[in-house]
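Asker: Residue numbers (our numbering): 100 to 505.
The beta-carbon is built from N, C-alpha and C at its ideal position, and this holds for glycine as well.
Just so you know, these numbers come straight off a predicted model, no measurement behind them.
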Ligand SMILES: Cc1cc2nc3c(=O)[nH]c(=O)nc-3n(C[C@H](O)[C@H](O)[C@H](O)COP(=O)(O)OP(=O)(O)OC[C@H]3O[C@@H](n4cnc5c(N)ncnc54)[C@H](O)[C@@H]3O)c2cc1C
């Protein structure tokens with residue numbers, strides 16, 4: 100079967116590419132999706148609400164070797180893209196853009212509805228096993244069918260969330276074509292730490308200012324809710340810092356929690372002195388529980404070498420200063436990153452140096468790389484999906500322009 104365009108992977112970027120190419124008049128588009136339906140991951144995004152973009156947004160929000168500036172500028176505003184598909188969006192006070200109905204299913208319905216309207220073929224349960232260049236165009240094989248196409252868009256994602264279809268196995272297709280890939284690394288994921296410290300904190304949630312330290316130097320901070328699991332620190336601020344960790348050099352990294360970011364360390368020490376007086380007769384754990392939850396109070400006391408049942412009036416000035424210091428800088432060693440199942444995105448992918456300005460593979464004309472398969476990543480907040488829409492639309496426009504010329 101011959102198609103003008105085959106898209107490998109029916110996720111966010113693949114669907115955006117299909118809709119855009121079709122809207123520019125490209126006929127004969129097929130999406131090959133290995134799962135039983137397209138867009139499964141979209142349904143899981145933003146806790147089922149799909150944080151589909153961020154405003155403002157610019158190239159400085161992205162890391163990786165692919166140049167994003169022209170592509171982002173060419174795409175513009177994601178709300179405009181979705182309004183053209185009949186989906187109204189809203190933006191919250193932090194600049195995160197959602198579908199107005201706050202349901203991810205509405206985003207998928209808009210994309211799939213547009214695909215169906217344009218006659219894009221969605222071929223599901225179709226796992227692509229080989230992509231081969233021909234004299235003119237491409238041959239794309241699944242386990243039980245063979246297709247040819249003038250152009251191919253690779254939109255098969257990365258390694259993150261293998262339970263949703265992306266286990267990285269599709270990158271083997273790229274390796275076989277000799278396309279250079281930056282090694283994959285989970286980002287937007289919990290950060291693992293010392294189980295002995297974390298186990299007693301399991302289930303706690305605290306608000307904190309979190310700093311990632313590398314060789315004891317602060318490299319970035321983020322604020323928000325920190326969630327403790329048995330083996331990791333989690334929460335959006337940890338997801339945003341996880342990308343900084345070099346998994347091969349975990350020992351260089353530490354996480355510092357400031358549990359009282361609203362005041363100075365001196366202010367916290369003054370508060371502790373006041374509580375010592377007010378709580379006269381209570382033990383130290385009870386006194387600290389006026390500031391943090393008891394399991395954290397116990398950990399802080401242990402880190403300061405103070406027994407939890409020490410009567411608080413026995414704490415001397417040095418103890419109080421140490422406790423204040425720990426409340427502002429409670430450090431956890433980094434022992435690794437969470438596994439791919441818990442990661443929301445992949446850093447790494449096809450290197451920018453392998454792609455031309457249209458996201459076409461330089462050594463393989465008419466093969467394009469979009470979405471998470473390209474070496475681009477960012478923070479939480481709608482940036483990843485925005486890149487998927489923008490890169491999908493960008494490659495699709497180039498294909499449409501070339502189609503118009505032939
Ligand atoms: C739980 C979760 C929540 C998230 N929330 C947000 C959010 O709110 N905002 C945000 O910006 N980002 C979010 N992300 C990240 C975002 O969803 C991804 O970056 C984005 O979906 C990647 O899109 P993609 O098109 O590159 O790949 P995917 O959406 O991963 O799609 C790739 C598709 O290719 C298919 N495929 C793979 N191999 C083959 C093959 N060999 N043959 C055929 N098909 C194949 C897969 O089944 C999959 O359907 C979240 C991710 C997760 C896991």
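1. Which whole runs of the beta strand (DSSP E) in the stretch 397 to 449 are 3 residues long or more, in chain order?
2. Sorted by chain position, which residues of the same chain lie with C-beta nearer than 8 Å to residue 424's C-beta, five sequence neighbours on each side aside?
3. Is the beta carbon of residue 305 sitting closer than 8 Å to the one on residue 325?
4. Could you pull the start and end residues of the beta strand (DSSP E) that residue 188 belongs to?
5. Tell me, please, whether the stretch 386 to 395 touches the stretch 370 to 378 by the rule of three or more beta-carbon pairs shorter than 8 Å.
6. Compute the Euclidean distance between the alpha carbons of residue 397 and residue 452, then round it to the nearest angstrom.
7. Under three-state DSSP, which class holds residue 463?
8. Which residue's Cα is closest to the Cα of residue 408: 420, 361 and 393?
9. Leaving out the 5 sequence neighbours to the left and right, which residues in its chain are closer than 8 Å to residue 153 when beta-carbon positions are compared?
10. When the Cα atoms are used, what is the spatial distance from residue 250 to residue 350?
11. By Cβ distance below 8 Å, which residues in the same chain neighbour residue 180 in space, the five residues on each side in sequence not counted?
12. Beta carbon of residue 289, beta carbon of residue 331: below 8 Å?
13. Step through the CB atoms of chain C and report whether any lies within less than 8 Å of the CB of residue 267.
14. Start and end of the beta strand (DSSP E) containing residue 228?
15. So does residue 132 have its beta carbon nearer than 7 Å to some heavy atom of ligand 1?
16. Have a look at residue 106 and residue 162 and give me their C-alpha separation to the nearest angstrom.
17. In or out: residue 275 buried (at least 16 other Cβ within 10 Å) or exposed?
18. Given a cut-off of 8 Å on the beta-carbon distance, is the pair residue 147 and residue 254 in contact?
19. Give a yes or no on contact between the stretch 302 to 318 and the stretch 351 to 363, applying the rule of three or more CB pairs nearer than 8 Å.
20. Return the residue from the list 505, 477, 467 and 224 that minimises the CA-CA distance to residue 117.
21. My understanding is that residue 472 touches residue 256, with C-beta atoms under 8 Å, so please give their C-beta distance in whole angstroms.
22. Looking only at DSSP bridge pairs, what is residue 323 linked to?
23. For the candidate residues 301, 188, 454 and 155, whose alpha-carbon lies nearest to that of residue 203?
24. Here's the rule: buried if 16 or more other CB atoms are within 10 angstroms of the residue's CB, otherwise exposed. What is residue 406?
Answerer: Considering the structure as presented:
1. 429 to 436 and 444 to 449
2. Reading the chain shown from its first residue, position 325 is the one you call residue 424. Excluding sequence neighbours, residue 424 sits near 364.
3. By one-based count along the chain shown, residue 305 stands at place 206. By one-based count along the chain shown, residue 325 stands at place 226. Against a cut-off of 8 Å, the Cβ pair of residue 325 and residue 305 comes out as a contact.
4. Here the question's residue 188 lines up with position 89 in the chain shown. Segment 188 to 190, the beta strand (DSSP E) holding residue 188.
5. yes
6. Along the chain shown, read from residue 1 onward, the residue named residue 397 stands at position 298. Along the chain shown, read from residue 1 onward, the residue named residue 452 stands at position 353. Looking at the two C-alpha atoms, the distance is approximately 51 Å.
7. On the chain shown, position 364 is the one that residue 463 refers to. It is coil, neither helix nor strand.
8. In the chain shown, residue 408 corresponds to position 309, counting from 1. The candidate whose alpha carbon is nearest that of residue 408 is 393.
9. Reading the chain shown from its first residue, position 54 is the one you call residue 153. Hits under 8 Å: 160, 194, 195, 196, 480, 481, 482 and 485.
10. Within the chain shown, residue 250 is the residue found at index 151, counting from 1. Within the chain shown, residue 350 is the residue found at index 251, counting from 1. The alpha-carbon atoms of residue 250 and residue 350 are separated by roughly 45 Å.
11. Position 81 of the chain shown, counted from the first residue, corresponds to residue 180. Answer for residue 180: 115, 174, 488 and 492, listed in chain order.
12. Here residue 289 refers to the residue found at position 190 when the chain shown is read from its first residue. Here residue 331 refers to the residue found at position 232 when the chain shown is read from its first residue. Yes, the Cβ-Cβ distance between residue 289 and residue 331 is below 8 Å.
13. Annotation note: the requested chain C is absent from the structure, which comprises a single protein chain.
14. Here residue 228 refers to the residue found at position 129 when the chain shown is read from its first residue. Residue 228 -> beta strand (DSSP E) spans 227 to 232.
15. Along the chain shown, read from residue 1 onward, the residue named residue 132 stands at position 33. Indeed, a heavy atom of ligand 1 lies less than 7 Å from the Cβ.
16. Counting from 1 along the chain shown, the entry for residue 106 is found at position 7. Counting from 1 along the chain shown, the entry for residue 162 is found at position 63. Going from the Cα of residue 106 to the Cα of residue 162 covers about 25 Å.
17. The residue given as residue 275 occupies position 176 in the chain shown. Residue 275 should be labelled exposed.
18. Within the chain shown, numbered from 1, the residue matching residue 147 stands at position 48. Within the chain shown, numbered from 1, the residue matching residue 254 stands at position 155. For residue 147 and residue 254, no; Cβs fall outside 8 Å.
19. yes
20. If you number the chain shown from 1, residue 117 lands on position 18. Ranking 505, 477, 467 and 224 by Cα distance to residue 117 puts 467 first.
21. Start at 1 with the first residue of the chain shown, and residue 472 comes out as number 373. Start at 1 with the first residue of the chain shown, and residue 256 comes out as number 157. The Cβ separation is near 6 Å, so the contact holds.
22. The residue you call residue 323 lines up with position 224 of the chain shown. DSSP lists 307 as partners of residue 323.
23. Sequence index remark: in the chain shown, residue 203 carries index 104 (1-based). Ranking the options by Cα distance to residue 203, first place goes to 188.
24. Position 307 of the chain shown, counting from 1, holds the residue named residue 406. It is exposed - the Cβ of residue 406 has fewer than 16 other Cβ atoms within 10 Å.
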